[in-house]
Every structure is written in C-alpha cells, then in structure tokens.
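Quick mapping for you: the protein sequence lines, in order, are chains B and A. The opening position of the first sequence corresponds to residue 3 in my numbering, with each subsequent residue numbered one higher. The opening position of the second sequence corresponds to residue -2 in my numbering, with each subsequent residue numbered one higher. Using N, Cα and C, we set each Cβ at its ideal position, and we do this for glycine too. In this text the structure is predicted, and so the values were computed from the model without any measurement.
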Amino acid sequence: MLKDILPARFLRALDFLQMDKLNEIRLRVSFPTIVYYGGRYFLGENGLADSNKDSLCATAQELNDIVYRACECSVYAHNEELKQGYITIEGGIRIGICGEVVVDNGIIKTIKNFSSLNIRIPREIKDCSLTALPFLHNENGILNTLVLAPPGAGKTTFIRDLAAQLSNKFISRNLLVVDERNEIASVINGKPGLNVGKYTDVYSGADKQFGIINGIRTMTPDAIILDELITSADLQAINYIIGCGVKVVATSHSRDIYDLQKKPLFKEVLKDNLFDRFVVLSNRKGKGTLEGVWDKNYTCLYYG
Amino acid sequence: MNVLIGGILLCICSCVGFYVASGYRKKLLFIQDFKNFLDFVETNVMFTQDKISVLLESKKDSFHKEFTEFITNYLSNIQDVSSYLTKYVQEQKLLDKDTAELIANFMRELGRIDSTTQLQSIKQANEALSTHLTRTQDEQKKGTMSARLGVMGGLALFIIVL
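Pasting the structure below:
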C-alpha cells in the first residue's frame, strides 16, 4: 500500500487528505507533485497547496526508492512489468513509470533513471455497472461488449464491477478475467484483493494471448473479461475468443464509437460486427459516468 | 605449585592460539557463505524470480552464525539498506575492509536492478570474491599455525616453569 512505498515527507503531507478521495499522485523529479483529489491540486507539506511554490518536489533518489519498495526490494522480479512501464502493487495500485528506456538490439531491456511516476489508486465503485447491466445480456447469456472511455474515466472500475455482477447473476456460467496488469482483481497470493465475484477465475500477470488461449483450454469459460485492447495481437485474441463460442467483455481508450471508428486497428472488428454492445463512459459527472449503451448497429439503447 | 602455574600458562597460550585461529576460520566461513549465497541468488534470479526477502528468509538459517546475523540485520534494515551497510563496513571487525566493501557494494544494489544487470552483478561479485577467498584460505593456514604455536608455546612455558 501507499504507506509502504512513499517517502515519509509525502506520507506526512497525505495525512492531511482523505485517502478515499485520492485518485492519483504524479511525481516528477524536481517538479511540483500533483494529486487528483476530486480535481487537480499541488501537494504541499500540509496537504493541498495553493501554488506550485509550496508544493513538494520529489528527488531522483526518492523516485528510485519508491520503485524499489514497490518491487518489494526485488526489481528483477518485476522486470517484465517494468519494461512495459508500470508496476502494480497490493490493492491494485498501478505505478506508471517514465525514465530512460534501455534498448539492446532493438529489444527493451528495462527502464532506469526514473523521471516521473504516476501512482493510480483504484476505487471500487459498488454497483456502478448496474444501470448498463440489463443491456449487456439476453436470455442466452452475456453479450460481446466493448467498454469505451478516455484514460482515467473508470473503464477498469466498470468492468471489475461488471465481473462481480455477472458472476453473481449467472452463477452457472464460468467467468474468466484475464488481468494482464493485475489491476482488475489485484490478486495477491492467489486471492483477489478487489471484488470480481465469487465465481470468477482470474489469470493475473499473463499477457492477453497467453491468458486467453490457456484459459479457454483449461478453465472452459463462458465469458472472458479483459482490459485495454491496444495491439493487433489483442484484436486477434478477441477474434479467437469469439470464434471459440466464448463471449467477451473488453475495454478500449476511445471517447465514443465515432472515435473508435477512426482507429485503423478497429476497422475490421467493427466491420465484422464482433461486438454486440458498446458502453461509453466519461468523466462528465465524475469518474465512470455512463454516457450510453449502443448495439452493434450503433442504435442507442440507453442514453445517460 | 609450579605445575599449577605451568598448567595455567599452557591453557592461556592455547586459548590465545585457538582464538586467533577461530577468527581466521570465521572469516573464511563468512566468505564461503557469501559465495554460496551468490550462487543461490543467481539460480533464483534466473528461474524462480522470488523476492529478496523470501529468498533470504528461506536460506538464512542454512548459513553459519556470522553470515546469518548479517542477513538478519540486512533484512530488518531492508528499507534503508545503504546506511546499514555503510555502518557495517565502518564497524567491521571480522572481514578485511576491501572484502567488507565488496560485500556491501553488492548488497547495496541487490534487488535494485533488472534481472540481466542483477545476473551480471552476481557474476562480477563472484569473480572478485574468488581473490578474497584464496587470500583468506592462505590466512586460514596462518590460523592453524597460530593454534599450534599457542599449544607449543604453552608447553614450552610449562616445561620451563617445571
């Protein structure tokens, strides 16, 4: 948790804040620290600061120490995550990392000399998917669903709650969460730290392709839930899931369906009508605002 | 009376000899333990990639007393290893300063670097340590000699007193 990784002076400053309102801490070497606390603020010695002059500035050593502690004093054990620019710690807290990328023969070896960290604290918003839920299944079960939202608008929170709701609603169905970054379920020692439902299996830390192929072979899921479709390999994996007769719930960074249509990567997927439902979230009325649910013909089923 | 005085002198000389010898022995055992520790960490970084604390906890009791103590203290200071190791080198009585510094430098970056660099660091430490090990093995011979000299000297004094 945060108290295990942050330097003492930052912890003292955070003591002045209500931790359940804190969403994000952005630390940059020699520059003011920013917190997302129902808005964007500077973090000073006594909590929120009025100007950047009063803000705490992290040192390079402090950033290195944060990463070292987040890796439980074993950076080598988190190298694969580090190469992708993040580390996830207990409670699903994700630390995004920027620094010097070490490349050898075109292969990323690691990131060193960290220059900035983005510490994101996940929030479980119970029942946040309830409004959309009736549109995401029919009498035959769960529908292939793509959740769209810009970064930080609550996609992961939404699919985490959706997993819990679906798991409780369809007890006879097997749900599999492929949690590549360990953010959805935050599994520690085999036990999910965040609620994804009692009847949900979780593959954590595995890349999507591995999780999907092995999950389908071994766990016989009726539906697979995964986060952030980014690469063409991810979309091939989606094709594979649907081809296997397994339903899928996934997310993508997009403001809305029209933004999604502009992404070359998604053209084929949209043309093939792989997804039955599109859920659009935003930050308009706070994180995870449901903007609407659309079907595969882009007919609006619900407008928020 | 002379026998008693001679006996006491024999005991004192032998104890001094064995004490000097045990210092060399402890030093050698410490370095050998550290070498075993490097091999153990190397295997784990290559394969299981378990966390440092898990590795050390699982292995610490299989070492000799001095190295186990060092590992236990390292673990309890793991959040601020650098200051602990600086103090460790400064207050060193068992090891030569350069050996203590070699060990401290390795431990200082243990767990702070990626797996490839960590493996290189283990390899380098292992290579550097072999010189120290050879030197300590030679010193160990001196230790055996000290124990013998202690007993022989004690016996000589015993005979003289008699």
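- Interface with chain B (7 Å Cβ-Cβ cutoff): Asp77(A) is excluded.
- The DSSP-derived three-state label of His129(A) is helix.
- For Lys289(B), the nearest beta carbon of chain A is not closer than 7 Å to its own beta carbon.
- Restricting attention to Asn241(B), Gly213(B) and Leu150(B), the CA atom closest to the CA of Leu177(B) is found in Gly213(B).
- Val295(B) is positioned such that its CB atom lies closer than 7 Å to that of Ala134(B).
- The beta-carbon of Tyr88(B) is placed no less than 7 Å from the nearest beta-carbon of chain A.
- A straight line joining the alpha-carbon of Leu8(B) with that of Leu303(B) spans about 45 Å.
- Just so you know, the alpha carbons of Lys85(B) and Thr45(A) end up roughly 19 Å apart.
- Rounded to whole angstroms, the Cβ separation of Asn25(B) and Arg125(B) is 7 Å, and the two are in contact under 8 Å.
- For Asn241(B), not one C-beta of chain A is nearer than 7 Å to its own C-beta.
- In this structure Asp129(B) touches Asp163(B) by the C-beta definition: roughly 7 Å separates them, less than 8 Å.
- For Val77(B), the nearest CB of chain A lies under 7 Å from its own CB, placing it at the interface with that chain.
- C-alpha of Tyr78(B) to C-alpha of Thr114(A): approximately 9 Å in a straight line.
- Think of a sphere of 7 Å around the beta carbon of Ile49(A): the chain B residues whose beta carbon falls inside it are Cys75 and Ser76, in chain order.
- The criterion of a C-beta distance shorter than 7 Å is not satisfied by Asn170(B) and Asp278(B).
- The residues His129, in chain order, have a CB closer than 6 Å to that of Thr96(A) in the same chain once the five nearest residues on each side in sequence are set aside.
- Any Cβ of chain B closer than 7 Å to the Cβ of Ser73(A) would place that residue at the interface, and such an atom is absent.
- Contact annotation: the stretch 105 to 113 of chain A does not touch the stretch 14 to 31 of chain A, with fewer than three C-beta pairs closer than 8 Å.
- For Gly306(B), there is no enclosing alpha helix (DSSP H), since its DSSP letter is neither H nor E.
- By the 16-neighbour rule on beta-carbons within 10 angstroms, Leu132(B) is exposed.
- Chain A places a beta carbon closer than 7 Å to that of Tyr70(B), counting this residue as a contact.
- In this structure, the beta-carbon distance from Cys246(B) to Ile227(B) does not fall below 7 Å.
- Judged by beta-carbon spacing, Leu45(B) lies beyond the 7 Å limit of Ala151(B), meaning their Cβ atoms are not closer than that value.
- Within its own chain, the residues whose Cβ lies closer than 7 Å to the Cβ of Gly101(B), once the five positions on either side in sequence are excluded, are Ile113, Lys114, Asn115, Phe116 and Ser117, listed in chain order.
- Leu19(B) and Asp106(B) have their C-alpha atoms some 43 Å from each other.
- At a beta-carbon threshold of 9 Å, none of the residues of chain A lie near Asn25(B); the nearest stands roughly 26 Å away.
- Counting along the chain, no beta strand (DSSP E) covers Lys287(B), and no H or E run does either.
- Along the stretch 106 to 121 of chain A, the positions whose C-beta sits under 9 Å from a C-beta of chain B are Leu107, Gly108, Arg109, Ile110, Asp111, Ser112, Thr113, Thr114, Gln115 and Leu116, read in chain order.
- By alpha-carbon distance to Lys62(A), the top candidate from Ser19(A), Leu126(A) and Met149(A) is Ser19(A).
- Within the model, the alpha-carbon separation for Asp209(B) versus Lys55(B) is close to 42 Å.
- A straight-line Cα-Cα distance of about 8 Å links Ile259(B) and Phe280(B).
- Of the candidates Ile97(B), Arg175(B), Ala166(B) and Lys23(B), the residue whose Cα lies closest to the Cα of Asn142(B) is Arg175(B).
- The Cβ atoms of Val158(A) and Ile2(A) sit closer than 7 Å to each other.
- Around the beta carbon of Thr133(A), 16 or more other beta carbons lie within 10 angstroms, which makes this residue buried.
- Taking each of Val179(B), Ser254(B), Val250(B) and Pro223(B) in turn and checking the Cα distance to Leu138(B), the smallest one comes out for Val250(B).
- Residue pairing for Asp106(B): DSSP places it in a beta bridge opposite Ile109(B).
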